[in-house]
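Asks:
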Amino acid sequence: MSRPASRSEVLKRFRNSIHANQVIIGSGAGIYRQVSVKDSLVAYFLLALGVGISAKLIKGGGADFIALYNSGLYRVHGLGSLAGLMPYGDANAIVCDMVRPHDILYAMPTRTAIQQILTIQGHPKAQTILPQIKLLPVIAGVCATDPFRDLSVFLPHLRSLGFTGIQNFPTVGLIDGNFRQALEETGMSYNKEVEMIALADSLDFLTIPYVFTVEQAVDMTNAGADVIVVHFELTNQGSIGAKNAISIDDAAKVAQEIRDAVVNIREDIIVLVHGGPISTLETFKDIMKDTRGVHGLLGASTFERIPLDTTLPGTVKEFKELEVEKN
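5 is the number of the first residue of the sequence shown in the working numbering; add one for each residue after it.
(1) What are the complete beta strand (DSSP E) segments, minimum 3 residues, inside the stretch 232-299?
(2) Rounded to the nearest angstrom, what separates Ile22 and Gly297 at their Cα positions?
(3) Would you list, in sequence order, the uninterrupted beta strand (DSSP E) runs of no fewer than 3 residues that lie entirely inside the stretch 133-175?
(4) Determine the burial state of Val157: buried for a count of at least 16 other Cβ atoms within 10 Å of its Cβ, exposed for fewer.
(5) Measure the beta-carbon distance from Ala256 to Thr211 and round it to whole angstroms, keeping in mind my assumption that it falls under 8 Å.
(6) Give me the DSSP bridge partner(s) of Ile28.
(7) To which residues of the same chain is Asp290 closer than 6 Å at the C-beta, ignoring the five residues directly before and after it?
(8) Taking the C-alpha atoms as reference points, what is the distance between Val320 and Ile29?
(9) Give me the Cα-Cα distance between Leu207 and Arg79, rounded to the nearest whole angstrom.
(10) Inspect the beta-carbon positions of Val103 and Gly145 and report whether they are closer than 9 Å.
(11) Mapping the DSSP letters down to three states, classify Tyr214 as helix, strand or coil.
(12) For Gln260 versus Tyr214, is the C-beta spacing smaller than 9 Å?
(13) Taking DSSP as the reference, what is the three-state secondary structure of Ala67?
(14) Is Leu72 helix, strand or coil when you go by DSSP?
(15) Rounded to whole angstroms, what's the CA-CA distance from Glu237 to Glu325? Just pull it up for me.
(16) Leaving out the 5 sequence neighbours to the left and right, which residues in its chain are closer than 8 Å to Ile273 when beta-carbon positions are compared?
Structure follows, in structure tokens:
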């Protein structure tokens, strides 16, 4: 079985899982495939910048799809996911660099010094992540408000890199208050993200947008979204997680309201949840128990960060506390 090449093939897989009473699981994957390099200095910098195998391991766990976006890379650096909303790099370039056999550090803060190392004669280019996950559709997180890219050109470019689907991340949906109002008034609005999903739909991409309200969910459904992901904001737990996430009860109510609204528009739409209190299997079970018609989870920190955050310190401590006999 090969990677699904079309939206219809992916949706068929998803619906077969749903009909078999299986949940749909998607995961973020911000860690690059390991690179074999001879130069120790190159190896040091590549390892320091998040070269790893999370995508391969996530696939091995049975995930249905993988989503790549800039915040996954920042989590590898030990930063919270909201770093993806900050001006630390070109979000759309980072996503491209995560899959193409090309210098992977474009637009990163240490770009000049690292790129000098990467251009050492004979240095093997970074390997694409896609060969590690041959059977899974890969979704690109795209910043729809990027004023420097024509999305009618950029989205087809993403297809040429091997992406099957499109998601709206970074998203202004995570921003509120006066800043959000100013963004909306100056053209950097959530509606730009809706327009991008409509464009992606017309190009036959799988579309998996994040939504935060019933109104946004309705707009995205009308734009042609295949999968609606109810976003509960920053995931809690761990050293860089949220401290005050929405409660499970409130999250379940929001998810149910959004699910009911979109199903009234299109009965076959798929609904997933993401973030907030859903940081463990138990909290995911609670959400599924308290809702009707929710089909699964798109986890990012839930799968990438928290398992490492909760197990690595203890593992190191166990080794450190080993007492050895004196000779």
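By construction, the Cβ of each residue, glycine as well, lies at the ideal position given by its N, Cα and C atoms.
Replies: So, from the data block:
(1) Listed in chain order, they are 274-278.
(2) Position 18 of the sequence shown, counted from the first residue, corresponds to residue 22. Position 293 of the sequence shown, counted from the first residue, corresponds to residue 297. Computed Cα separation, rounded: 10 Å.
(3) 142-146, 169-172
(4) Start at 1 with the first residue of the sequence shown, and residue 157 comes out as number 153. Burial call: exposed.
(5) For the purposes of this step, residue 256 is taken as the residue at position 252 of the sequence shown. For the purposes of this step, residue 211 is taken as the residue at position 207 of the sequence shown. About 25 Å separates the two Cβ atoms, so there is no contact after all.
(6) Mapped onto the sequence shown, residue 28 falls at position 24. Answer by DSSP bridge pairing, in chain order: Gly300.
(7) Taking the sequence shown and counting its residues from 1, one reaches residue 290 at position 286. Around Asp290: Ile252.
(8) Walking along the sequence shown from the start, residue 320 turns up at place 316. Walking along the sequence shown from the start, residue 29 turns up at place 25. Spanning the two alpha carbons is a distance of roughly 30 Å.
(9) Position 203 of the sequence shown, counted from the first residue, corresponds to residue 207. Position 75 of the sequence shown, counted from the first residue, corresponds to residue 79. If I take the Cα positions, the gap works out to 31 Å.
(10) Here residue 103 refers to the residue found at position 99 when the sequence shown is read from its first residue. Here residue 145 refers to the residue found at position 141 when the sequence shown is read from its first residue. Result no, Cβ atoms of Val103 and Gly145 do not sit closer than 9 Å.
(11) To locate residue 214, count along the sequence shown from 1; it is residue 210. Here Tyr214 sits in strand by DSSP.
(12) Reading the sequence shown from its first residue, position 256 is the one you call residue 260. Reading the sequence shown from its first residue, position 210 is the one you call residue 214. No, Cβ-Cβ distance for Gln260 and Tyr214 is not below 9 Å.
(13) By 1-based counting over the sequence shown, the position of residue 67 is 63. Residue state, collapsed to three classes: coil.
(14) Here the question's residue 72 lines up with position 68 in the sequence shown. Reduced to three states, the DSSP call for Leu72 is strand.
(15) On the sequence shown, residue 237 is found 233 positions in, with the first residue counted as 1. On the sequence shown, residue 325 is found 321 positions in, with the first residue counted as 1. The straight-line gap from Cα to Cα measures roughly 38 Å.
(16) Start at 1 with the first residue of the sequence shown, and residue 273 comes out as number 269. Excluding positions up to five away in sequence, the list reads Thr225, Ala229, Asp230, Val231, Ile232, Val266, Val267.
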